[in-house]
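Asker:
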């Protein structure tokens, strides 16, 4: 039984409406309905009766809500007694595997030290579907989503449905990442067909929209590349690029210090088919905290370095 879910139920009682409670909690209404249904199933009783006029608390539900209120009060008192008046620094974000975002996150955490009242941080590197899901459910307050130009309409409709809002963090053309010793390293501009004899290092992920997978596979087909290695973990990707001859990745612009560390370079690709943007997403109506705003400032500093 999740303490946050218990708080959600009390908010529904307070608002007298699931839709109003969802707005108050900055949550997606279907998700809140699902939470209530699962709690009622777990308790094997109805807390609320639904009708066209809204919701009503059932007699047994009234008793349950009283008990839930006591539980929440006890938990709050424990927090007050053992965590002190000041809460730990709390921060949660779901992101794509992007080196410049990771670099910004490292600086953000380091610059915030010391954390006198403790630290409660969640940094999820994951796929686009999970980014949207974590933010919609309120498990992460912020998300960063990589969206290609051809995907923008799809995600705009998805954000509307999920009650999310977005803003552009950066726009860029994907670049080629390769070793300084790559046979193509001497060229300032590389055509897509020049990659035919190279080995593609692909970021291993799933849960991409089918049309996105189809589009990216079509681009790879245009290169004529027949050899690829799928790797999820970033350091392993960079080590392969450094040590395996004639390998490349398609990435967002990279921090200079990371390129130097792994003896890598980036080169533009002569095509307009891989333009993308990274979007900040959060629940509609959510107000960013000072810490979250500082994290975005650190990201913008990284962006300015490669613009």
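In the numbering used here, the protein residues as written are 1 to 307. Glycine is no exception: its CB is placed at the ideal position from the N, C-alpha and C atoms.
#1: Which residues mark the beginning and the end of the beta strand (DSSP E) in which residue 94 is found?
#2: Using 8 Å as the threshold, is the segment 260 to 280 in touch with the segment 102 to 119, meaning 3 or more CB pairs across them?
#3: May I have the straight-line CA-CA distance separating residue 3 from residue 61, to the nearest angstrom?
#4: Taking the Cβ atom as the reference point for each residue, do residue 284 and residue 26 lie within a distance shorter than 9 Å?
#5: Decide yes or no for the touch test of the segment 218 to 229 against the segment 181 to 193: beta carbon pairs closer than 8 Å, at least 3 of them.
#6: For residue 101, name the three-state secondary structure that DSSP assigns.
#7: How would you label residue 152, buried or exposed, when you count the other beta carbons within 10 angstroms and need 16 or more for buried?
#8: Please name the residue in 6, 12, 161 whose C-alpha comes closest to that of residue 39.
#9: So what does residue 289 bridge to, in DSSP terms?
#10: For the segment 15 to 24 against the segment 69 to 76, are there 3 or more C-beta pairs whose distance is under 8 Å?
#11: Could you tell me which of 159, 154, 149 sits nearest to residue 143, measuring between CA atoms?
#12: Looking at the structure shown, is residue 143 part of a helix, part of a strand, or coil, going by DSSP?
#13: Near residue 275, what residues of its chain come up, given a Cβ to Cβ distance below 8 Å and the 5 sequence neighbours on each side ignored?
Answerer: Walking through what the data contain:
#1: Locating residue 94 in the chain shown gives position 94, where the first residue counts as 1. First-last of the beta strand (DSSP E) with residue 94: 89 to 95.
#2: No, the segment 260 to 280 is not in contact with the segment 102 to 119.
#3: Taking the first residue of the chain shown as position 1, residue 3 is located at position 3. Taking the first residue of the chain shown as position 1, residue 61 is located at position 61. One alpha carbon belongs to residue 3, the other to residue 61, and they sit about 17 Å apart.
#4: Within the chain shown, the letter at position 284 stands for residue 284. Within the chain shown, the letter at position 26 stands for residue 26. A contact, by the Cβ cut-off of 9 Å.
#5: With the cut-off at 8 Å, the segment 218 to 229 and the segment 181 to 193 touch.
#6: To locate residue 101, count along the chain shown from 1; it is residue 101. Three-state result, residue 101: helix.
#7: Sequence index remark: in the chain shown, residue 152 carries index 152 (1-based). Looking at its Cβ environment, which holds fewer than 16 other Cβ atoms inside 10 Å, residue 152 is exposed.
#8: Taking the first residue of the chain shown as 1, we reach residue 39 at position 39. Taking only the C-alpha atoms, the option nearest residue 39 is 6.
#9: Your numbering for residue 289 matches position 289 in the chain shown. The partner list for residue 289 (beta bridge, DSSP) is empty, contrary to what the question assumes.
#10: Short answer: they don't touch.
#11: On the chain shown, residue 143 is found 143 positions in, with the first residue counted as 1. Residue 159 is the option with its Cα nearest to residue 143.
#12: Numbered from its first residue, the chain shown carries residue 143 at position 143. Annotated three-state conformation of residue 143 is strand, per DSSP.
#13: The count along the chain shown starts at 1 and reaches residue 275 at position 275. Non-local C-beta neighbours of residue 275 in its own chain, meaning closer than 8 Å and more than five positions away in sequence, comprise 148, 149, 171, 172, 173, 174, ordered along the chain.
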